[in-house]
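Beneath this line is the structure, given in structure tokens, with notes to follow.
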Amino acid sequence: MFKNIEILDKEKFKGYKFDEVDVTDIAKNIGLVPLGFSEVWNAAHDCPVIISSLERGEFLAFTGITNEINIYKKENAYIPAFIRTYPFLSADIKGENGNYNSLISIDNNSKYVSKKKKIDIFTKDNELSKEANSKVEFIREVNRQREISRKIVEELKENDLLVKKDFKVKISETEEKIFLEEFYVVNIEKLIKLDDSIVASWAKKGWMGIIDSHVKSLSNFQKVIQA
1 MFKNIEILDK
11 EKFKGYKFDE
21 VDVTDIAKNI
31 GLVPLGFSEV
41 WNAAHDCPVI
51 ISSLERGEFL
61 AFTGITNEIN
71 IYKKENAYIP
81 AFIRTYPFLS
91 ADIKGENGNY
101 NSLISIDNNS
111 KYVSKKKKID
121 IFTKDNELSK
131 EANSKVEFIR
141 EVNRQREISR
151 KIVEELKEND
161 LLVKKDFKVK
171 ISETEEKIFL
181 EEFYVVNIEK
191 LIKLDDSIVA
201 SWAKKGWMGI
211 IDSHVKSLSN
221 FQKVIQA
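Just so you know, the UniProt record's numbering puts the end of the sequence shown at 227, numbered straight through with nothing missing.
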């Protein structure tokens, strides 16, 4: 979906404007969406919530395969915050020291962003407009929540609770098609054997409810392909 992601630079985007978008249309074109930790429960009702296989694993909503096959063919499916901030987003840039920096960026897609659109990105004083700032602050909150998600996933890894999966569908008697390759899910058998002190610590942080939502959501794969 993203056409041309660029860092939101004051000088480069001086005089640029953006239009509000139909977030459902955007959502139909993004099949894997990062989730803030508080969103896992909401997303888990509509789609599988999986764990990414990237260096910094986090919870992702698996919402669709194409813009025709996705959960948004039905009304009222949950739309993650990551999509609701469009055309603004956070880009994670890895520095020379190996650390990641999250930089506020914009999808410089002429369909939604140009000097001829309606809503100013920056004011005449070169500060973010009220509307743009609202989206940027929302992104920062989502980033804070995504960091908590990454901490949860990191501890799941440290306790050897993750198992790698592919999402395959049998399309004939002799053939399977892979729709989603290399993601992770929590191993239930190992989870129930986890030391009580760790479970208690995670429960105190509110993590167990998130993990439970993730596990229950794994029954939703058929919702994606049958949408």
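All C-beta atoms in this analysis are idealised placements derived from N, C-alpha and C, irrespective of residue type, glycine included. Fair warning: this is a prediction, and the values are worked out from it, not measured in the lab.
| Asked | Found |
| --- | --- |
| According to DSSP, residues forming a beta bridge with ASN176 | The amino acid occupying residue 176 in the given sequence is Glu; Asn does not appear at that position. Answer by DSSP bridge pairing, in chain order: LYS170. |
| Candidates LYS73, SER52, LYS17, LYS216, of which the one nearest LYS116 by Cα | LYS17 |
| The region 189-201 touching the region 160-168, judged by at least three CB pairs closer than 8 Å | yes |
| Range covered by the beta strand (DSSP E) that runs through ASP92 | 88-94 |
| Residue burial classification, ILE93 (beta-carbon count within 10 angstroms, cutoff 16) | exposed |
| Residue nearest to GLU147 in terms of C-alpha spacing, selected from TRP41, TYR100, TYR78 | TYR100 |
| Near the ligand MN: CYS47 beta-carbon under 7 Å from a heavy atom | The ligand content of the structure shown is nil, which means the ligand MN is not present either. |
| Whole-angstrom distance between ASN126 and GLU182, CA atom to CA atom | 44 Å |
| Option nearest LYS74 by Cα separation, candidates GLY64, PHE82, ALA81, LYS205 | GLY64 |
| Classification of ARG144 by the beta-carbon crowding that lies within 10 angstroms, buried from 16 upward | exposed |
| Host beta strand (DSSP E) of ASP107 (start-end) | 100-107 |
| At least 3 beta-carbon pairs within less than 8 Å: the region 76-95 vs the region 32-47 | yes |
| Proximal residues to VAL136 (C-beta, below 7 Å), its chain only, five neighbours per side dropped | PHE88, ILE104, LEU128 |
| Backbone CA spacing between PHE2 and VAL113 [nearest angstrom] | 12 Å |
| DSSP three-state assignment for ASN70, whether helix, strand or coil | strand |
| Beta-bridge partners of SER114, as assigned by DSSP | LYS17 |
| Strand pairing of PHE183, partner residues [DSSP] | LYS165 |
| ALA27 classed as buried or exposed, judged by whether at least 16 other C-beta atoms fall within 10 angstroms | buried |
| Residues bridged to residue 228 [DSSP beta-bridge criterion] | The chain is shown from 1 up to 227; residue 228 falls before or after that span and cannot be answered. |
| Range of the contiguous beta strand (DSSP E) that encloses ALA61 | 59-62 |
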